[in-house]
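Those sequence lines, one after another, are chains A and B.
So the number in the numbering used here is just where the residue sits in the first sequence, counting from 1, plus 1.
So the number in the numbering used here is just where the residue sits in the second sequence, counting from 1, plus 92.
All C-beta atoms in this analysis are idealised placements derived from N, C-alpha and C, irrespective of residue type, glycine included.
Down below is the structure, laid out as structure tokens.
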Amino acid sequence: MYDEDYKKRYVFGADYGTSEFKYGPITQGERPLTVESRGYFPERSVISQIMGVDREVVVGKDVTLFLESGAELATRLVYPMREGIIMKDDARAWKVVRELTRYALEEFKPKGWGFNGFYVVAALSAVAPRYMYEKFFEIFESMAKEAGLVRSATIIPQPLAVAIAHKKTSCVVVESGHGNTQFAPISRAPIRGAVIALNRGGSDANAIMAEILKDAGYGDLAAEETLVRKVKENLGLLPADLDSAISFAKNNPEAVRAVYAVPGTRLKIDLAENSWARFLVGEYVFNPNHEIFQSYFKRGMPRPRDTKVGDVVFYGMLDMAEAITTAVEKCPVELQPLLYSQILLSGGNFSWNVPERLKGICVDSATKIKRMMSGKGIENVNVIMASEPQYSVWRGCIVYGYAVPASYSWSWEKMEGWMNF
Amino acid sequence: MLERDIIKHMSRQGLKFEGNGEDGVLRFVGNGSTYIVKVLDETDGRLELISAALQSAFWAAKGEKAYILAPKSMASTDELMVIRLHGIGLLLYGPHGIEELPPIIKHVRHDERKDDDKTPIELESMQRVLEKVERLERFIHRINDVDALASRLERLEAMYRELSNKLLVFEGMRGSHAGIAVPEMPSSKSNDISPGIELPSFMKDNPWLNILSGKG
Numbered sequence: 002m003y004d005e006d007y008k009k010r011y012v013f014g015a016d017y018g019t020s021e022f023k024y025g026p027i028t029q030g031e032r033p034l035t036v037e038s039r040g041y042f043p044e045r046s047v048i049s050q051i052m053g054v055d056r057e058v059v060v061g062k063d064v065t066l067f068l069e070s071g072a073e074l075a076t077r078l079v080y081p082m083r084e085g086i087i088m089k090d091d092a093r094a095w096k097v098v099r100e101l102t103r104y105a106l107e108e109f110k111p112k113g114w115g116f117n118g119f120y121v122v123a124a125l126s127a128v129a130p131r132y133m134y135e136k137f138f139e140i141f142e143s144m145a146k147e148a149g150l151v152r153s154a155t156i157i158p159q160p161l162a163v164a165i166a167h168k169k170t171s172c173v174v175v176e177s178g179h180g181n182t183q184f185a186p187i188s189r190a191p192i193r194g195a196v197i198a199l200n201r202g203g204s205d206a207n208a209i210m211a212e213i214l215k216d217a218g219y220g221d222l223a224a225e226e227t228l229v230r231k232v233k234e235n236l237g238l239l240p241a242d243l244d245s246a247i248s249f250a251k252n253n254p255e256a257v258r259a260v261y262a263v264p265g266t267r268l269k270i271d272l273a274e275n276s277w278a279r280f281l282v283g284e285y286v287f288n289p290n291h292e293i294f295q296s297y298f299k300r301g302m303p304r305p306r307d308t309k310v311g312d313v314v315f316y317g318m319l320d321m322a323e324a325i326t327t328a329v330e331k332c333p334v335e336l337q338p339l340l341y342s343q344i345l346l347s348g349g350n351f352s353w354n355v356p357e358r359l360k361g362i363c364v365d366s367a368t369k370i371k372r373m374m375s376g377k378g379i380e381n382v383n384v385i386m387a388s389e390p391q392y393s394v395w396r397g398c399i400v401y402g403y404a405v406p407a408s409y410s411w412s413w414e415k416m417e418g419w420m421n422f
Numbered sequence: 093m094l095e096r097d098i099i100k101h102m103s104r105q106g107l108k109f110e111g112n113g114e115d116g117v118l119r120f121v122g123n124g125s126t127y128i129v130k131v132l133d134e135t136d137g138r139l140e141l142i143s144a145a146l147q148s149a150f151w152a153a154k155g156e157k158a159y160i161l162a163p164k165s166m167a168s169t170d171e172l173m174v175i176r177l178h179g180i181g182l183l184l185y186g187p188h189g190i191e192e193l194p195p196i197i198k199h200v201r202h203d204e205r206k207d208d209d210k211t212p213i214e215l216e217s218m219q220r221v222l223e224k225v226e227r228l229e230r231f232i233h234r235i236n237d238v239d240a241l242a243s244r245l246e247r248l249e250a251m252y253r254e255l256s257n258k259l260l261v262f263e264g265m266r267g268s269h270a271g272i273a274v275p276e277m278p279s280s281k282s283n284d285i286s287p288g289i290e291l292p293s294f295m296k297d298n299p300w301l302n303i304l305s306g307k308g
């Protein structure tokens with residue numbers, strides 16, 4: 002009972018995402034706090050000391066105060082993760098992660114009696130290598146010894162946390178972020194040997210959107226990444242079937258035409274006779290193998306390539322249905338139907354608008370996956386979209402930290418349990 | 093509006109407005125001196141105050157009468173005192189108009205300074221500083237007492253932590269001795285267990301609670 006009551010107060014979730022770090026204790030309620038996953042290394046100067054900055058790296062909301070320093074910004078502002086992975090020897094990246102961790106834990110460190118350190122549950126990418134686990138445990142150990150902030154810590158893969166948050170005990174979690182997409186089968190625990198990763202995410206949809214803008218005469222805007230992303234979110238469409246959608250668009254050009262007025266400016270983006278290309282944006286994320294994309298590759302748009310980060314291969318051109326079947330077929334045959342019946346989509350890259358007048362021509366992500374799976378002869382597929390996907394990982398961490406017994410020590414073999422300090 | 097108020101305030105003291113200097117600086121002449129007023133507004137912060145103080149100190153060192161015009165809410169009394177100690181006057185504005193706080197130590201050029209040239213204002217300020225030093229000494233004595241209490245508290249917390257860890261180890265041994273997992277979490281965990289702190293909604297009826305509590 003002692004541990005249960007203690008955990009009701011002091012379980013702490015930490016979701017280390019590539020672009021955002023989400024954190025907070027169980028008492029935070031339904032949603033964690035969020036800061037950008039980055040750190041700033043300020044110049045050591047008299048002025049910075051007058052301003053009370055004597056730290057080597059600044060993280061959290063304070064980073065904004067330094068962002069006007071201009072020319073050196075690129076070298077001083079460090080984003081520690083690439084595709085969810087921190088390079089082993091990237092000392093500055095590890096300093097940022099350490100500082101982010103300290104920042105988050107200190108923000109919630111209670112004053113007074115009864116606090117004996119948090120039970121920290123950290124969530125990392127499903128493809129994070131073992132050295133990342135070791136480095137994170139070193140960070141937590143130093144937080145325990147230097148400041149009494151950590152009592153015990155554990156690390157779980159992000160897709161497991163998503164499955165826990167959505168109360169699915171057997172499923173395939175598909176997490177699609179800015180730079181990559183992970184497919185992780187779960188059956189009461191992550192099936193680590195079956196994880197598949199794609200070197201394709203929201204940034205690739207931005208890339209083809211930029212090409213479409215160039216073709217429509219907005220070449221000067223195509224270099225503005227934030228604007229391109231906004232245009233993608235407002236004009237990009239996910240077709241049920243690309244060929245049928247293009248045919249429909251050519252016969253009904255006004256039905257697919259849309260104008261995006263950039264807020265706060267006089268700028269209006271009208272794809273006009275190129276509006277049919279709106280369907281390419283969504284399709285490219287799900288399946289870049291259609292012949293129509295060849296012309297873009299020939300004109301210089303980089304083709305998503307197979308790449309290796311650490312020991313993990315990120316596939317470039319595998320379509321999403323193929324990736325799901327590849328992951329599931331690495332699991333026991335008996336389990337496969339159960340996994341196909343629970344496919345959980347999570348991440349902002351799965352949010353596609355379906356305009357009322359284009360219903361049937363356009364679909365949402367769940368319907369698209371279902372159709373693609375059917376095309377591969379796999380029926381009885383149930384696909385659901387995660388609600389509030391941005392908070393799922395943190396929520397899963399909280400449930401995990403609360404439920405796993407405090408006496409269960411960390412096992413490197415099983416990659417689970419508590420590392421006690 | 094603010095500029096008009098300050099021109100009116102200075103002209104009441106017989107000073108003539110000479111015009112705007114660089115960014116946020118107003119110049120006046122009169123009484124045989126040049127008066128420079130650095131203007132800060134509500135949008136400025138601590139950094140701008142430090143910058144204005146450094147700039148004004150530079151002007152004061154050159155023998156000009158330097159002032160900072162700032163909103164009353166910008167700085168603490170102690171910070172304003174420090175600025176005034178460096179030969180800078182303050183003009184504080186608020187809903188009730190402009191209040192002038194002259195420099196505590198007036199800047200005098202080296203060639204004008206004499207050994208016995210201590211103004212009553214300087215003596216008064218030294219008296220205040222002395223009082224502050226005495227007050228600080230009293231604070232330091234109190235801090236020593238607090239430090240002693242804090243170290244006792246730290247020792248007690250360390251003991252408490254050690255005992256808790258021993259308890260954990262003991263419970264683990266008891267569990268493995270019995271050949272079963274230690275039931276840290278009762279099976280009723282999937283629902284609200286004990287009164288007091290309410291668990292978040294995503295924990296309620298979550299099948300993972302039973303799976304995970306059986307680990308180990």
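Buried or exposed: which applies to P26 of chain A, given that a residue is buried once 16 or more other Cβ atoms fall within 10 Å of its Cβ? That one is buried.
At 9 Å on the CB atoms, spell out the chain A contacts of M295 of chain B, in chain order. Within 9 Å Cβ-Cβ: I27, R396, I399, V400, Y403, A404.
To the nearest whole angstrom, what separates the beta carbons of G85 of chain A and S126 of chain A, a pair I think is in contact under 8 Å? Correct: roughly 3 Å between the Cβ atoms.
One or two residues paired with I187 of chain A in a DSSP bridge: A:C172, A:P191, per the DSSP bridge assignment.
Would you verify that the beta carbon of G376 of chain A is, or is not, closer than 8 Å to some beta carbon of chain B? Chain B, which has no Cβ nearer than 8 Å to the Cβ of G376 of chain A, makes this no.
Throw me the rounded Cβ distance for the F13 of chain A and V122 of chain A pair, which I believe falls under 8 Å. Sure, about 7 Å apart at Cβ, within 8 Å.
How should K281 of chain B be labelled, buried or exposed, when 16 other C-beta atoms within 10 angstroms of its C-beta is the threshold for buried? Low confidence applies to K281 of chain B: its pLDDT is 39, below 50, so where it sits in the model is not reliable, and the reading given next is rough at best. With a threshold of 16 other beta carbon atoms within 10 Å, K281 of chain B meets it and is buried.
Pop quiz: L272 of chain A and I213 of chain A are said to be a contact at Cβ under 8 Å. What is the actual Cβ separation, rounded to whole angstroms? Indeed, because the Cβ distance is near 7 Å, the residues count as touching under 8 Å.
L238 of chain A and L359 of chain A look like a contact to me (Cβ under 8 Å); what is the Cβ gap, rounded to whole Å? Contact check for L238 of chain A and L359 of chain A: beta-carbon distance about 7 Å, within the 8 Å limit, so the pair qualifies.
Segment limits, beta strand (DSSP E) that includes L182 of chain B: DSSP places L182 of chain B in the uninterrupted beta strand (DSSP E) bounded by 180-186.
So with CB distances below 7 Å, who are the chain A contacts of G189 of chain B? Ordered by position in chain A, no residue passes the 7 Å Cβ test against G189 of chain B, which lies about 32 Å from the chain.
Does the distance from the C-beta atom of P186 of chain A to that of E176 of chain A stay below 8 Å? No, the Cβ-Cβ distance between P186 of chain A and E176 of chain A is not below 8 Å.
Looking at C-beta atoms only, is the number of pairs between the stretch 215-231 of chain A and the stretch 305-313 of chain A that lie closer than 8 Å three or more? The answer is no - the stretch 305-313 of chain A does not touch the stretch 215-231 of chain A, with fewer than three Cβ pairs under 8 Å.
Taking 8 Å as the CB-CB limit, is K168 of chain A close to chain B? For K168 of chain A, the nearest CB of chain B lies under 8 Å from its own CB, placing it at the interface with that chain.
Based on the DSSP output, what are the partners of N421 of chain A in its beta bridges? Under the DSSP definition of a beta bridge, N421 of chain A partners with A:S153.
Please confirm if the stretch 215-230 of chain A is in contact with the stretch 367-382 of chain A, defined as three or more CB-CB distances below 8 Å between the two stretches. When C-beta atoms of the stretch 215-230 of chain A are compared with those of the stretch 367-382 of chain A, fewer than three pairs fall below 8 Å, so the two segments do not count as touching.
Kindly list, in the order they appear in chain A, the residues whose Cβ is closer than 7 Å to that of S256 of chain B. Going along chain A in sequence order, the residues near S256 of chain B (Cβ under 7 Å) are N117.
State the Cα-Cα distance for the pair H178 of chain B and G189 of chain B, rounded to the nearest angstrom. Cα to Cα, H178 of chain B sits roughly 25 Å from G189 of chain B.
In the structure shown, what three-state DSSP assignment does R96 of chain B receive? In the structure shown, R96 of chain B sits in a helix (DSSP, three-state: H, G or I).
Okay, do the stretch 164-183 of chain A and the stretch 389-398 of chain A touch, 3+ Cβ pairs below 8 Å being the bar? Yes, the stretch 164-183 of chain A is in contact with the stretch 389-398 of chain A.
If I180 of chain B and P195 of chain B are in contact, beta carbons under 8 Å, what's the gap, nearest whole angstrom? In this structure I180 of chain B touches P195 of chain B by the C-beta definition: roughly 6 Å separates them, less than 8 Å.
Coarse secondary structure for S125 of chain B, derived from DSSP in three states: Here S125 of chain B sits in strand by DSSP.
At the 8 Å Cβ level, is Y127 of chain B part of the contact set with chain A, yes or no? Taking Cβ atoms only, chain A never reaches closer than 8 Å to Y127 of chain B, which makes this a no.
Whole angstroms is fine: what's the gap from M166 of chain B's alpha carbon to E417 of chain A's? The straight-line gap from Cα to Cα measures roughly 53 Å.
Close-in-space but distant-in-sequence residues of the same chain around R32 of chain A (CB under 7 Å, 5 per side omitted): Here the set comprises Y392.
Are three or more beta carbon pairs between the stretch 77-92 of chain A and the stretch 103-114 of chain A nearer than 8 Å? Pairwise C-beta distances place the stretch 77-92 of chain A out of contact with the stretch 103-114 of chain A, as fewer than three of them are shorter than 8 Å.
Exposed or buried, which one is F423 of chain A when buried takes at least 16 other CB atoms within 10 Å? The structure shown does not extend to residue 423 of chain A, since chain A is modelled only from 2 to 422, so the question has no answer here.
Terminal residues of the continuous alpha helix (DSSP H) containing S296 of chain A? Start and end: 293-299.
Out of B:R244, B:E156, B:E134, which one is the CA nearest neighbour of G122 of chain B? Measuring C-alpha to C-alpha distances from G122 of chain B to each of B:R244, B:E156, B:E134 identifies B:E156 as the nearest.
I'd like to know if G408 of chain A contacts chain B, where contact means its C-beta is closer than 8 Å to some C-beta of that chain. Correcting the residue identity first, residue 408 of chain A is Ser in this sequence and not Gly. Yes, because at least one Cβ of chain B sits closer than 8 Å to the Cβ of S408 of chain A.
Please state if the CB of V260 of chain A and the CB of N298 of chain B are separated by a distance shorter than 8 Å. Their beta carbons are not under 8 Å apart, which means N298 of chain B does not touch V260 of chain A by this criterion.
For R93 of chain A, which residues does DSSP report across the bridge? When DSSP reads this structure, R93 of chain A sits in no beta bridge, so it has no partner.
Between the C-alpha atoms of P338 of chain A and S375 of chain A, what's the straight-line distance to the nearest angstrom? In this structure, the alpha-carbon of P338 of chain A lies about 14 Å from that of S375 of chain A.
Less than 8 Å between C-beta atoms, sequence neighbours within five positions excluded: which residues of the same chain meet that for D312 of chain A? Within the same chain, D312 of chain A has close Cβ partners P130.
Spell out the partners DSSP gives C363 of chain A in its beta bridges. Paired residues: A:P240, A:K360.
How close, in whole Å, do the beta carbons of W95 of chain A and K136 of chain A come, if the pair is a contact with beta carbons under 8 Å? Their Cβ separation, rounded to whole angstroms, is 6 Å, which keeps W95 of chain A and K136 of chain A in contact under 8 Å.
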